[in-house]
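**Student:** Going by the working numbering, the residue at position 93 of the sequence shown is 94; the numbering climbs one at a time, nothing skipped.
Heads up, the beta-carbon is just placed ideally off N, CA and C, and yes, glycines get one too.
Here the structure is a predicted model, which is why all the values come from computation and not from measurement.
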Amino acid sequence: MSAKIRITFTRSALDDLEGILEYYREQQVPHVGEKLVGNVIKDIELLIGQPDMGRIVPEFEVEYLRELIQPPFRIVYRRDRNKVRIVRIWRSER
2 MSAKIRITFT RSALDDLEGI LEYYREQQVP HVGEKLVGNV IKDIELLIGQ PDMGRIVPEF
62 EVEYLRELIQ PPFRIVYRRD RNKVRIVRIW RSER
């Protein structure tokens, strides 16, 4: 039986999530931001059971740096042995 994958977030990834919430608060539709962030978290939780499901980030082409494309977001993460570290959460069009 393999060890359970642990997920952590960089400060920049947490700032990205806060930025999403802040943007939608400013647009006076905070519920939209909360729903989007909730969906991002659900997508990230899938990595616990399938840490290699994301594709290798094409700009870097290194095995350990992967991304999930879940429109409108691009979730970039570092895949280590028993850990996934969420690095950034960008809008896909960036």
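Measure how close the beta-carbons of VAL85 and ILE21 come, nearest whole angstrom, since I'm counting them as under 8 angstroms.
**Tutor:** VAL85 to ILE21, Cβ: 20 angstroms. No contact.
**Student:** Would you decide whether ALA4 is buried or exposed? Buried here means 16 or more other CB atoms lie within 10 Å of its CB.
**Tutor:** exposed
**Student:** Do the segment 52-71 and the segment 17-36 make contact, defined as three or more Cβ pairs closer than 8 angstroms?
**Tutor:** no
**Student:** Which first and last residues belong to the alpha helix (DSSP H) in which GLU19 is found?
**Tutor:** 12-27
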